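Engineer:
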Amino acid sequence: MIAPAQVDLAAIAAQRWKNGAGWTREIALGPAGASADDFGWRLSVAELERDAPFSAFPGIDRCIVVIAGAGMALHDAAGAPVRTLAPLEPWAFEGERALHAHLAQGACRDFNVMTRRGAWRAELQVLREPAPLARGDVTALLVAQGRWQLGGERCEALQGLLLEGTGEAVQAVPLEADAALLHVRLCHDRRP
Numbered sequence: 011m012i013a014p015a016q017v018d019l020a021a022i023a024a025q026r027w028k029n030g031a032g033w034t035r036e037i038a039l040g041p042a043g044a045s046a047d048d049f050g051w052r053l054s055v056a057e058l059e060r061d062a063p064f065s066a067f068p069g070i071d072r073c074i075v076v077i078a079g080a081g082m083a084l085h086d087a088a089g090a091p092v093r094t095l096a097p098l099e100p101w102a103f104e105g106e107r108a109l110h111a112h113l114a115q116g117a118c119r120d121f122n123v124m125t126r127r128g129a130w131r132a133e134l135q136v137l138r139e140p141a142p143l144a145r146g147d148v149t150a151l152l153v154a155q156g157r158w159q160l161g162g163e164r165c166e167a168l169q170g171l172l173l174e175g176t177g178e179a180v181q182a183v184p185l186e187a188d189a190a191l192l193h194v195r196l197c198h199d200r201r202p
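Residue numbers for the sequence shown follow the numbering used here, so the first one is 11 and each next one is one higher.
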């Protein structure tokens with residue numbers, strides 16, 4: 011079994027978006043040897059500074075959750091409302107969908123999961139209560155707010171664990187009343 015890798019967003023360099031509207035911090039992508047062009051899965055945190063279009067990712071399924079800021083309203087290419095994203099409410103969509111983000115009240119930070127359709131799939135949930143967390147082929151745990159005990163590790167906001175291989179569930183315990191944890195299970199898509 012591979013030991014869990016610790017994640018600390020503060021230690022990950024931010025990269026400017028091509029359109030200049032924000033920053034991204036790539037937590038991890040896989041499988042091993044994958045690049046930004048051929049990944050099976052990718053985990054990242056984006057920081058939006060102003061209204062901006064989402065980048066298109068054909069063939070990729072995405073899930074997004076706002077982890078800081080007041081949220082955003084998403085509109086389609088024609089300007090019609092699609093969805094309002096409130097903090098800590100995950101939303102899944104197809105990566106080729108043309109979307110434009112309108113920030114509710116200033117800057118916003120969101121967590122993104124991307125999986126290559128037909129090869130990988132993801133489950134993302136937000137937790138606030140103690141729970142044993144089932145693992146996938148790859149499992150990511152990121153503290154969105156507060157502090158958590160994750161197995162033998164104590165993690166602050168924007169810290170967490172990346173685990174490979176299905177194994178024992180990880181016991182997650184919030185250490186503060188307002189704590190929130192993101193639990194991502196990435197699995198090979200074995201559906202016919």
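By construction, the Cβ of each residue, glycine as well, lies at the ideal position given by its N, Cα and C atoms.
Everything numeric in this text was worked out from a predicted model, so none of it was measured.
1. Could you tell me the alpha carbon to alpha carbon distance between residue 77 and residue 99, rounded to whole angstroms?
2. Quick check on residue 188: buried or exposed, where buried means 16 or more other Cβ atoms within 10 Å of its Cβ?
3. What is the rounded straight-line gap between the Cα of residue 110 and the Cα of residue 31?
4. Classify residue 122: buried if its beta carbon has 16 or more other beta carbons within 10 angstroms, exposed otherwise.
5. Identify which residue in 51, 29 and 81 has its Cα closest to the Cα of residue 172.
6. Could you compute how far the alpha carbon of residue 14 sits from the alpha carbon of residue 168?
7. Among 113, 177, 162 and 157, which has the Cα closest to the Cα of residue 192?
8. Can you determine whether any heavy atom of the ligand FMN sits closer than 6 Å to the C-beta of residue 43, and answer yes or no?
9. Using the DSSP secondary-structure output, state which residues sit across from residue 16 in a beta bridge.
10. Do the segment 87–98 and the segment 58–77 make contact, defined as three or more Cβ pairs closer than 8 Å?
11. According to DSSP, simplified to helix, strand and coil, what is residue 56?
12. Does the separation of the CB atoms of residue 66 and residue 29 fall below 7 Å?
13. Helix, strand or coil for residue 21? Go by DSSP, reduced to three states.
14. What separation, rounded to the nearest whole angstrom, lies between the Cα atoms of residue 42 and residue 70?
Structural biologist: Concretely, from the data shown:
1. Their Cα atoms are separated by approximately 9 Å.
2. The residue in question, residue 188, is exposed, as its Cβ has fewer than 16 Cβ neighbours within 10 Å.
3. Taken atom to atom, the span from the alpha-carbon of residue 110 to that of residue 31 is near 12 Å.
4. Looking at its Cβ environment, which holds 16 or more other Cβ atoms inside 10 Å, residue 122 is buried.
5. Selected option, being the one with the closest Cα: 51.
6. Within the model, the alpha-carbon separation for residue 14 versus residue 168 is close to 16 Å.
7. Distances from the CA of residue 192 to each of 113, 177, 162 and 157 were compared; the closest alpha carbon is that of 157.
8. For the ligand FMN, the structure offers nothing, since it holds no ligand at all.
9. In DSSP, residue 16 forms a bridge with 171.
10. A contact exists between the segment 87–98 and the segment 58–77.
11. In this structure, residue 56 counts as strand in the three-state DSSP scheme.
12. If you check the CB distance, residue 66 and residue 29 do not come in under 7 Å.
13. Residue 21: helix per DSSP, three-state reduction.
14. So the alpha carbons of these two residues sit roughly 18 Å apart.
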